[in-house]
Ligand SMILES: Cc1cc2nc3c(=O)[nH]c(=O)nc-3n(C[C@H](O)[C@H](O)[C@H](O)COP(=O)(O)OP(=O)(O)OC[C@H]3O[C@@H](n4cnc5c(N)ncnc54)[C@H](O)[C@@H]3O)c2cc1C
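In the numbering used here, the protein residues as written are 4 to 336.
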């Protein structure tokens, strides 16, 4: 069992030498958790970045940044990264390790949890220190939010998506220690990342879009999905989805909103043919106005939105598109 002042860690990844926003959000939250515990907040960063990126970690709340800038850390290698994190974790005994629910974090977190023989709570929606000085990890389940704790094993490991926590206010008077980290010696890689390809989202990025149209399994088929996509296009909206729409292959994982997808902050959210399951709805809690289109008047989604339209989306969406296209034409003439 660790002491209550053992550090709180954030794995601050870098992609093309840039630290993603979620890492700063997590450092801000680590700062709060560390203050509640009387511990230090520390970031572990593997790969070369500019000094101002490291300073941003200090300004966000880190007391210490462990930095490995060997070329071995240049692009993400799961075996090198996990081995380095596990070795340093055994030496310095953090009581908590936080990672972003990014492609890297999602892969690293279970590997380091397994190697350290501890638990992992994925896609948390909140983190807090409970009265027993243990990390409370809130996730959506059973139609609401439940808290998971890891009472015995250490470290307590959690992943969190971008947008769950706010980017902290930067305190430019803050600074801290940078401690070097070396890659493991003599590690024979069984898996090697050859290249990292960054795919730019088509159209408006979901997280920044003022209007989001999200489709669910009620679309029924590829043609139904295409109608929802057209509605998004006509409204200049970003296209979002639920997990079944991704599983059906109608859309990419990039469009999934919710606990294991993205957090969105639109002025207007329109959910089409989806049931309002918590795992999806936690991704839209910041939406200003919410509308749902569902053919089941008893659907739980209607209890969660501002405006409900009880209609079959296969009939209603094409009519709405026609109407909006007509309006757009008129406003152009
Ligand atoms: C650990 C975990 C994490 C998860 N993470 C996510 C996540 O990040 N994002 C996510 O979305 N899901 C996630 N899920 C899945 C989630 O629990 C739900 O299964 C999913 O959100 C349901 O999608 P849906 O609303 O499209 O489908 P359903 O629940 O099947 O709802 C379909 C709705 O469409 C309506 N409908 C059917 N036909 C029509 C029609 N013709 N016209 C209008 N309405 C119609 C139905 O009345 C129904 O309400 C996760 C699950 C788990 C266990």
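Glycine is no exception: its CB is placed at the ideal position from the N, C-alpha and C atoms.
Neighbourhood of residue i by C-beta, 6 Å cutoff - its chain only, sequence neighbours within 5 removed
i           : result
residue 88  : 115
residue 329 : none
residue 2   : With the chain represented from 4 up to 336, any question about residue 2 goes unanswered, as that position is not in the structure.
residue 72  : 51
Other residues of its chain near residue i: CB distance less than 7 Å, five sequence neighbours each side excluded
i           : result
residue 302 : 278, 279
residue 9   : 42, 96, 97, 98
residue 179 : 61, 65, 66, 67, 68
Close-in-space but distant-in-sequence residues of the same chain around residue i (CB under 8 Å, 5 per side omitted)
i           : result
residue 81  : 110, 111, 114, 194, 196
residue 20  : 50, 51, 52, 53, 56
residue 92  : 12, 100, 115, 119, 158
residue 187 : 83, 86, 87, 90
residue 318 : none
residue 133 : 139, 150, 152
Neighbour flag for residue i against chain C, beta carbons, 8 Å
i           : result
residue 153 : You won't find chain C in this structure, because it holds only one protein chain.
Exposure of residue i, with buried meaning 16 or more beta-carbon neighbours within 10 Å
i           : result
residue 167 : buried
residue 124 : buried
residue 292 : exposed
residue 146 : exposed
residue 322 : exposed
residue 230 : buried
Distance, residue j Cα to residue i Cα
i           : j           : result
residue 298 : residue 304 : 11 Å
residue 249 : residue 154 : 35 Å
residue 212 : residue 300 : 29 Å
residue 150 : residue 334 : 51 Å
residue 268 : residue 164 : 14 Å
residue 236 : residue 189 : 53 Å
residue 243 : residue 206 : 12 Å
beta-carbon residue i near ligand 2 non-hydrogen atom, thresh 7 Å
i           : result
residue 316 : The model depicted lacks ligand 2 and carries ligand 1 instead.
Residue i: first and last residue of the uninterrupted alpha helix (DSSP H) it sits in
i           : result
residue 108 : 106-119
residue 39  : 24-40
residue 169 : Unbroken run through residue 169: none, as it is neither H nor E.
residue 61  : 54-63
residue 84  : 81-95
residue 292 : Counting along the chain, residue 292 falls outside any alpha helix (DSSP H), though it belongs to the beta strand (DSSP E) covering 292-297.
Extent of the continuous beta strand (DSSP E) run through residue i
i           : result
residue 227 : Per DSSP, residue 227 belongs to no beta strand (DSSP E); it is in the alpha helix (DSSP H), 225-237.
residue 182 : 180-183
residue 141 : 138-144
residue 98  : First-last for residue 98: undefined, no H or E at that position.
Is the region 165-176 in contact with the region 53-63, if contact means three or more CB pairs nearer than 8 Å?
Result yes; three or more Cβ-Cβ pairs closer than 8 Å.
Would you call the region 45-53 in contact with the region 67-85, where contact means no fewer than 3 C-beta pairs closer than 8 Å?
At 8 Å Cβ cutoff, the stretches touch.
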